[in-house]
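Notes for the one structure printed next.
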Amino acid sequence: MNKRQIDEEDYVEIGTCSHLHGLKGGLSIHFYNPQSRSLKKGLEVLLCPKSQSSNLVQAGEKFKVLSANFGSKKCILFLDGVDSVESAQSLLPFTLFLQRKFFPKLLASNQYYISDLIGLTAVSHNTIKSRDEILGTVIGSFENGAQSILKIQLLSGELLELPFVDDFFPKVNLDEGRIEVIVPEYIEAAEEDNES
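In the numbering used here, the protein residues as written are 1427 to 1622.
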């Protein structure tokens, strides 16, 4: 399933899997949000291959959740029709998607699902630089145990990783596809040194 098809069905990327668990087809899921408890028996999930070693079709395949067992660091997922080491191994590695309708509604206008930030254009909010200068694109995120970290691919080719907090990201506009970034001064100074 390509990105357009995923968006049309309103799927949200929630995690990945590259490891098995046990001998009965269990899959060890790494959630982007470690506190996520979004998977429940009977829900339909979409698996999309992360590499050519996965036997999933490029468009992705849907499976019904038989059970999801949550531990402190991971979730062991069992899917309908995946009941052996061989059948589970043939799926790996994959990205896991769930339809947005199964997520809680966001109550505040300044709340976002991290997956909605991926692909936004990052623009400068700093007063040192001209306002609205395009810096790059949000390409991913990860959790550091305390907060979500956004990964921004800068136009220079460098990767900038910043905590998703108001001090660095004061404004998000999903409708315009942009996020304002306050780049720390030490990073700006290093960039200016490199330009000289």
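Glycine residues also receive a C-beta, built at the ideal position from the N, C-alpha and C atoms.
Query, Result
"Using only the alpha-carbon positions, how far apart do I1440 and I1575 sit?", "15 angstroms"
"From what residue to what residue does the beta strand (DSSP E) around S1493 run?", "E1487 to F1496"
"Among the residues of its own chain, which have a CB less than 7 angstroms from the CB of R1463, if the five just before and after it don't count?", "F1496"
"Does DSSP put K1597 in a helix, a strand or coil?", "strand"
"Which first and last residues belong to the beta strand (DSSP E) in which L1524 is found?", "F1520 to Q1525"
"Measuring straight from C-alpha to C-alpha, what distance separates C1474 and Q1515?", "14 angstroms"
"Let me know if I1554 comes out buried or exposed under the rule of 16 or more other beta-carbons within 10 Å of its beta-carbon.", "Only weak support is given to the placement of I1554: the predicted model assigns it a pLDDT of 48, under 50, and the value that follows is read from those uncertain coordinates. By the 10 Å Cβ count, I1554 comes out exposed."
"Excluding five sequence neighbours on each side, which residues of the same chain lie with their C-beta closer than 7 angstroms to the C-beta of S1454?", "C1443, H1445, L1446, H1447, K1500 and I1502"
"Note down the Cα distance separating E1420 from Y1538, rounded to an integer number of angstroms.", "Past the boundaries of the shown model lies residue 1420; the chain is included only from 1427 to 1622, so the question cannot be answered."
"Between L1505 and V1564, what straight-line distance do the alpha-carbon atoms span, to the nearest angstrom?", "32 angstroms"
"Following the continuous beta strand (DSSP E) through A1548, name the residue where it begins and the one where it ends.", "T1547 to S1550"
"In whole angstroms, give me the CA-to-CA distance for V1483 and L1533.", "36 angstroms"
"In this structure, how does DSSP classify V1471 when only helix, strand and coil are distinguished?", "strand"
"Three-state secondary structure (DSSP) at F1528?", "helix"
"Quick one: grab the DSSP three-state call for S1454.", "strand"
"What's the call for L1472, buried or exposed, on a 16-neighbour Cβ count within 10 Å?", "buried"
"Identify, in the order they occur along the chain, each residue of the same chain with its Cβ nearer than 7 angstroms to the Cβ of L1580, setting aside the five sequence neighbours on each side.", "L1561, G1562 and L1586"
"How is L1449 classed by DSSP in three states: helix, strand or coil?", "coil"
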